[in-house]
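K.L.:
Chains as they are written, first to last, in this note's numbering: chain A, 1 to 311; chain B, 312 to 622.
There are 2 protein chains.
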Amino acid sequence: MYYIGVDIGGTGIQAGVVDNQGKILFRTECKTVVKKGFEGILDDIKIMIDKLLEENNLNMKEIKSIGFGVPGFINKKGLVTCVNLKWDGESFENELKRRFPNVEIHGENDATVAALGESKFGSMKGADVGVLYTLGTGVGGGIVINQKVFSGAHGLGSEIGHQVIGENYFDCNCGNNGCVETFCSATAIIKYSQKLIQEGRKSRILDLAEGDLEKINAKMVFDAYRENDIVAIEVITRFKSYLAKTFANTINTLDPEIISIGGGVSKASDIILDGIEDLVRKYVLYKKEDIAKIVCATLGSDAGIIGAAFL
Amino acid sequence: MYYIGVDIGGTGIQAGVVDNQGKILFRTECKTVVKKGFEGILDDIKIMIDKLLEENNLNMKEIKSIGFGVPGFINKKGLVTCVNLKWDGESFENELKRRFPNVEIHGENDATVAALGESKFGSMKGADVGVLYTLGTGVGGGIVINQKVFSGAHGLGSEIGHQVIGENYFDCNCGNNGCVETFCSATAIIKYSQKLIQEGRKSRILDLAEGDLEKINAKMVFDAYRENDIVAIEVITRFKSYLAKTFANTINTLDPEIISIGGGVSKASDIILDGIEDLVRKYVLYKKEDIAKIVCATLGSDAGIIGAAFL
Numbered sequence: 001m002y003y004i005g006v007d008i009g010g011t012g013i014q015a016g017v018v019d020n021q022g023k024i025l026f027r028t029e030c031k032t033v034v035k036k037g038f039e040g041i042l043d044d045i046k047i048m049i050d051k052l053l054e055e056n057n058l059n060m061k062e063i064k065s066i067g068f069g070v071p072g073f074i075n076k077k078g079l080v081t082c083v084n085l086k087w088d089g090e091s092f093e094n095e096l097k098r099r100f101p102n103v104e105i106h107g108e109n110d111a112t113v114a115a116l117g118e119s120k121f122g123s124m125k126g127a128d129v130g131v132l133y134t135l136g137t138g139v140g141g142g143i144v145i146n147q148k149v150f151s152g153a154h155g156l157g158s159e160i161g162h163q164v165i166g167e168n169y170f171d172c173n174c175g176n177n178g179c180v181e182t183f184c185s186a187t188a189i190i191k192y193s194q195k196l197i198q199e200g201r202k203s204r205i206l207d208l209a210e211g212d213l214e215k216i217n218a219k220m221v222f223d224a225y226r227e228n229d230i231v232a233i234e235v236i237t238r239f240k241s242y243l244a245k246t247f248a249n250t251i252n253t254l255d256p257e258i259i260s261i262g263g264g265v266s267k268a269s270d271i272i273l274d275g276i277e278d279l280v281r282k283y284v285l286y287k288k289e290d291i292a293k294i295v296c297a298t299l300g301s302d303a304g305i306i307g308a309a310f311l
Numbered sequence: 312m313y314y315i316g317v318d319i320g321g322t323g324i325q326a327g328v329v330d331n332q333g334k335i336l337f338r339t340e341c342k343t344v345v346k347k348g349f350e351g352i353l354d355d356i357k358i359m360i361d362k363l364l365e366e367n368n369l370n371m372k373e374i375k376s377i378g379f380g381v382p383g384f385i386n387k388k389g390l391v392t393c394v395n396l397k398w399d400g401e402s403f404e405n406e407l408k409r410r411f412p413n414v415e416i417h418g419e420n421d422a423t424v425a426a427l428g429e430s431k432f433g434s435m436k437g438a439d440v441g442v443l444y445t446l447g448t449g450v451g452g453g454i455v456i457n458q459k460v461f462s463g464a465h466g467l468g469s470e471i472g473h474q475v476i477g478e479n480y481f482d483c484n485c486g487n488n489g490c491v492e493t494f495c496s497a498t499a500i501i502k503y504s505q506k507l508i509q510e511g512r513k514s515r516i517l518d519l520a521e522g523d524l525e526k527i528n529a530k531m532v533f534d535a536y537r538e539n540d541i542v543a544i545e546v547i548t549r550f551k552s553y554l555a556k557t558f559a560n561t562i563n564t565l566d567p568e569i570i571s572i573g574g575g576v577s578k579a580s581d582i583i584l585d586g587i588e589d590l591v592r593k594y595v596l597y598k599k600e601d602i603a604k605i606v607c608a609t610l611g612s613d614a615g616i617i618g619a620a621f622l
């Protein structure tokens, strides 16, 4: 038997046929056409999966289950809400069952799905308690307890990017002030660089962005950091300080064996991991005890497909 | 068979014989004489328990287990650290087994123990996921997952009073700035009242403290609040605002069925619970969904004995 994992993102949808060892045997992708609406996107997924099976001489009878990762929240009634896709309480479970009538259907938040992938086959393999932070445009999170994904009593949990951990000079998209997402995302890194440069600071970052503030991305800031640019060092030092506070909160609360860092920002893992344990230890309550290992995710963008397959 | 629960506090030790329905049949207590040191206090407990059994015609053979709640941390090696008792990595498990050789011994952090008591017989009964905040001199916490106490991979978890949730005008005893404990404890309420009065504000609180700033306690602040004292309203409004942020962090992370409030401050439950759900809902990510019920603990100080008995 095989499993299908579908990773629904804000711009693209990836799908794969996965074996029981977590290996992606066949894969495909398509664009997320938001304006087609909820049912239109589900139709695209149906066509994509049928074609994937057909092209690889597979039959739906050989598929044990199809799992979906979504960039939002599925409640216990099977209704999905994804702000970026303009889905607001859509009938996710029912509409998928209608399109795929003879196979098990599962769905979860995308970061939770990635955490499951990392837990079964990647950086958190074997850990009873593990927490994944995905640092990208926003900050997502997945919690694994007893080697199972954990999202609480109503499915609202593991939104650890929206923990309030301080006070910031701008509000989060969620309406609160001080969310992890406003300190530790790619967006946070870009915004703080722009702020310092707008305040008149000279920086290599602006050269890398060809003089255009709006073109700055997180990679440029890390690249400038490698060239010892003072502004980049200030931005990354601030980012790492808040990341350490965030991880300490996670340790003081959930005390995982492993904290794993995924998402686009984690490509600069050498810079992020350098000295992070000492920084985190400064903020935890019991400073002399063993604390979580802090590592980078290993499955990359495949975690979404693999994790979804094993929901 | 019966169970014994022992609640070791900073000033007193309470012990009780508990039946399998969570009823305390017989109880006793003694002072915590810190200067006697670790072994001296354990000797006192041994004498107290032997006497408790003898006076009630019970035999140690009728006792299934003895559980201990401690105001600190017991690691996976059975070593205990309690700053207030000046215990620093003492051999808790071994020394207790030596004193009580023919009975099961268990130990846990006191707030975690109280959470277990509330989960089995009190305010969190039947909830798969529950979180207890004990608001007293400090802020302790206990997490219940799958109806079992949860303290993470190394036993460091559930220290939710030391989540960083903002920036405060004084540091926490733990060395960090912005811990829940510095916003939501009795100490925090007292300190902020003193600060406002020292800044020249007139308040009924000072009358209740007979003009002596040092005599202010949390009860006086709640009493002045009931008399519509402006300073007390400001202090309690700030306290409730941070409490709501804290509970929202807990919902965004663990999404419990129930959040229960215990500890001395919870005696003002009418004031604390009034409007708290609306405040919390302001800060959670998914504002339209069902969220945790927020209630007050029901076992009071008995939660420590009952929870310890059922470790």
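All C-beta atoms, glycine included, are put in the ideal place defined by N, C-alpha and C. Computed from a prediction, not measured in an experiment: that's the story for all the values here.
Report yes if the C-beta distance between Leu-135(A) and Ala-114(A) is below 8 Å; otherwise report no.
P.N.:
Here residue 135(A) refers to the residue found at position 135 when the first sequence is read from its first residue. Here residue 114(A) refers to the residue found at position 114 when the first sequence is read from its first residue. Not closer than 8 Å, so no.
K.L.:
Alpha carbon to alpha carbon, what distance is there between Lys-288(A) and Gly-575(B)?
P.N.:
Within the second sequence, numbered from 1, the residue matching residue 575(B) stands at position 264. Within the first sequence, numbered from 1, the residue matching residue 288(A) stands at position 288. Approximately 30 Å between the Cα atoms of the pair.
K.L.:
How would you label Phe-170(A), buried or exposed, when you count the other beta carbons within 10 angstroms and need 16 or more for buried?
P.N.:
Within the first sequence, residue 170(A) is the residue found at index 170, counting from 1. Label assigned to Phe-170(A): exposed.
K.L.:
Are Thr-557(B) and Cys-485(B) touching if we call contact CB-CB under 8 Å?
P.N.:
Taking the second sequence and counting its residues from 1, the one referred to as residue 557(B) is at position 246. Taking the second sequence and counting its residues from 1, the one referred to as residue 485(B) is at position 174. No, they are not a contact pair.
K.L.:
Which residues, in chain order, does the region 473-485 of chain B contribute to contact with chain A at a C-beta distance below 8 Å?
P.N.:
The region 473-485 of chain B vs chain A, Cβ under 8 Å: His-473, Gln-474, Val-475, Ile-476, Gly-477, Glu-478 and Cys-485.
K.L.:
So does the region 42-58 of chain A actually touch the region 12-29 of chain A, counting three or more Cβ pairs closer than 8 Å?
P.N.:
Result yes; three or more Cβ-Cβ pairs closer than 8 Å.
K.L.:
Please identify the residue among Lys-86(A), Gly-130(A) and Leu-79(A) whose C-alpha is closest to the C-alpha of Gly-262(A).
P.N.:
As a first step, residue 262(A) is located in the first sequence; it is residue number 262 there, counting from the start. Measuring from the Cα of Gly-262(A), the nearest candidate turns out to be Gly-130(A).
K.L.:
Among residues of its own chain, excluding the 5 on either side of Gly-428(B), which ones have a beta-carbon nearer than 6 Å to its beta-carbon?
P.N.:
Counted from its first residue, the second sequence places residue 428(B) at position 117. Counting only Cβ-Cβ distances below 6 Å, and skipping sequence neighbours, we find Leu-610, Ala-614, Ile-617 and Gly-618.
K.L.:
Any contact of the region 429-440 of chain B with the region 395-403 of chain B, i.e. 3+ C-beta pairs under 8 Å?
P.N.:
Segments in contact, no.
K.L.:
So which residues on chain B does Lys-245(A) lean against when the C-beta distance must stay under 7 Å?
P.N.:
Reading the first sequence from its first residue, position 245 is the one you call residue 245(A). Near Lys-245(A) (Cβ distances below 7 Å), the residues of chain B are Val-475.
K.L.:
Which runs of the alpha helix (DSSP H) spanning at least 4 residues fall entirely within the region 142-225 of chain A, listed in chain order?
P.N.:
With a minimum length of 4 residues, the continuous alpha helix (DSSP H) runs that stay inside the region 142-225 of chain A are 181-184, 186-198 and 204-208.
K.L.:
Applying a beta-carbon distance threshold of less than 8 Å, which residues of chain B neighbour Ala-153(A)?
P.N.:
Here residue 153(A) refers to the residue found at position 153 of the first sequence. Ordered by position in chain B, the residues that pass the 8 Å Cβ test against Ala-153(A) are Ala-438, Asp-439, Val-440, Asp-566, Pro-567, Glu-568 and Ala-603.
K.L.:
Which residue marks the beginning of the alpha helix (DSSP H) containing Asn-20(A), and which one marks its end?
P.N.:
In the first sequence, counting from the first residue as 1, residue 20(A) sits at position 20. Looking at the DSSP string, Asn-20(A) is not in any alpha helix (DSSP H), and its letter there is neither H nor E.
K.L.:
Whose C-alpha, out of Thr-392(B), Gly-320(B), Asn-560(B) and Val-345(B), is nearest the C-alpha of Phe-161(A)?
P.N.:
If you number the first sequence from 1, residue 161(A) lands on position 161. Here residue 161(A) turns out to be Gly, not Phe, going by the sequence shown. The candidate whose alpha carbon is nearest that of Gly-161(A) is Asn-560(B).
K.L.:
Taking only beta-carbon atoms, is Asn-368(B) less than 8 Å away from chain A?
P.N.:
Position 57 of the second sequence holds residue 368(B). No, its Cβ sits nowhere closer than 8 Å to a Cβ of chain A.
K.L.:
Buried or exposed: Ile-501(B), going by 16 or more other Cβ atoms within 10 Å of its Cβ?
P.N.:
Here residue 501(B) refers to the residue found at position 190 when the second sequence is read from its first residue. Looking at its Cβ environment, which holds 16 or more other Cβ atoms inside 10 Å, Ile-501(B) is buried.
K.L.:
Between Ala-127(A) and Ile-258(A), which are expected to be in contact by the criterion C-beta below 8 Å, what is the C-beta distance as a whole number of angstroms?
P.N.:
On the first sequence, position 127 is the one that residue 127(A) refers to. On the first sequence, position 258 is the one that residue 258(A) refers to. Going by Cβ atoms, the distance from Ala-127(A) to Ile-258(A) rounds to 5 Å, so yes, they are a contact pair.
K.L.:
Between Ile-508(B) and Leu-524(B), how many whole angstroms is the CB-CB distance? I'm expecting something under 8 Å.
P.N.:
By 1-based counting over the second sequence, the position of residue 508(B) is 197. By 1-based counting over the second sequence, the position of residue 524(B) is 213. That pair is a contact at about 6 Å.
K.L.:
Is the region 334-347 of chain B in contact with the region 137-156 of chain A, if contact means three or more CB pairs nearer than 8 Å?
P.N.:
Result no; under three Cβ-Cβ pairs closer than 8 Å.
K.L.:
So with Cβ pairs under 8 Å, would you call Tyr-192(A) a contact of chain B?
P.N.:
The sequence position of residue 192(A) within the first sequence is 192, counting from 1. No, Tyr-192(A) does not count as interfacial toward chain B.
K.L.:
Rounded to whole angstroms, what is the Cα-Cα separation between Asp-270(A) and Ala-309(A)?
P.N.:
Residue numbering aside, residue 270(A) sits at position 270 when the first sequence is read from its first letter. Residue numbering aside, residue 309(A) sits at position 309 when the first sequence is read from its first letter. One C-alpha to the other measures close to 30 Å.
K.L.:
Three-state secondary structure (DSSP) at Ser-552(B)?
P.N.:
Along the second sequence, read from residue 1 onward, the residue named residue 552(B) stands at position 241. Three-state DSSP puts Ser-552(B) in a helix.
K.L.:
Taking CB distances under 8 Å as the criterion, tell me whether Asn-313(A) reaches chain B.
P.N.:
Residue 313(A) is absent from the model: chain A starts at 1 and stops at 311.
K.L.:
Helix, strand or coil for Asn-109(A)? Go by DSSP, reduced to three states.
P.N.:
The count along the first sequence starts at 1 and reaches residue 109(A) at position 109. In the structure shown, Asn-109(A) sits in a strand (DSSP, three-state: E or B).
K.L.:
Can you find a CB in chain A that lies within less than 8 Å of the CB of Gly-363(B)?
P.N.:
Translated into positions along the second sequence, residue 363(B) becomes position 52. Reading off the sequence shown, one finds Leu at residue 363(B), where the question assumed Gly. Not an interface residue.
K.L.:
Does chain B have any CB closer than 8 Å to the CB of Gly-178(A)?
P.N.:
Locating residue 178(A) in the first sequence gives position 178, where the first residue counts as 1. Interface residue, yes.
K.L.:
Would you check if the distance between the CB atom of Val-414(B) and the CB atom of Ile-374(B) is smaller than 8 Å?
P.N.:
One-based indexing of the second sequence puts residue 414(B) at position 103. One-based indexing of the second sequence puts residue 374(B) at position 63. A contact, by the Cβ cut-off of 8 Å.
K.L.:
What does the alpha-carbon distance come out to for the pair Arg-201(A) and Phe-379(B)?
P.N.:
As a working note, residue 201(A) is residue 201 in the first sequence. As a working note, residue 379(B) is residue 68 in the second sequence. Arg-201(A) and Phe-379(B): Cα-Cα distance of roughly 58 Å.
K.L.:
Which ranges does the alpha helix (DSSP H) cover as unbroken runs of at least 4 residues, wholly within the region 394-451 of chain B, from first to last along the chain?
P.N.:
DSSP runs (the alpha helix (DSSP H)) wholly in the region 394-451 of chain B: 403-410 and 421-432.
K.L.:
Mapping the DSSP letters down to three states, classify Asp-274(A) as helix, strand or coil.
P.N.:
Translated into positions along the first sequence, residue 274(A) becomes position 274. Correct three-state label for Asp-274(A): coil.
K.L.:
From what residue to what residue does the beta strand (DSSP E) around Ile-8(A) run?
P.N.:
Numbered from its first residue, the first sequence carries residue 8(A) at position 8. Here the beta strand (DSSP E) through Ile-8(A) covers 2-8.
K.L.:
Once the 5 residues before and after Leu-336(B) are set aside, which same chain residues still bring their CB inside 8 Å of it?
P.N.:
Here residue 336(B) refers to the residue found at position 25 of the second sequence. Contacts found: Tyr-313, Gly-327, Val-328, Val-329, Asp-330 and Asn-367.
K.L.:
When you compare only the Cα positions, how much space is there between Phe-100(A) and Val-144(A)?
P.N.:
Mapped onto the first sequence, residue 100(A) falls at position 100. Mapped onto the first sequence, residue 144(A) falls at position 144. About 28 Å.
K.L.:
Would you check if the distance between the CB atom of Ala-218(A) and the CB atom of Ser-260(A) is smaller than 8 Å?
P.N.:
Against the first sequence, residue 218(A) aligns to sequence position 218. Against the first sequence, residue 260(A) aligns to sequence position 260. Going by C-beta atoms, Ala-218(A) is not nearer than 8 Å to Ser-260(A).
K.L.:
Terminal residues of the continuous alpha helix (DSSP H) containing Phe-349(B)?
P.N.:
Your numbering for residue 349(B) matches position 38 in the second sequence. Unbroken alpha helix (DSSP H) run through Phe-349(B): 348-366.
K.L.:
Any beta carbon of chain B sitting closer than 8 Å to that of Glu-214(A)?
P.N.:
The residue given as residue 214(A) occupies position 214 in the first sequence. Not an interface residue.
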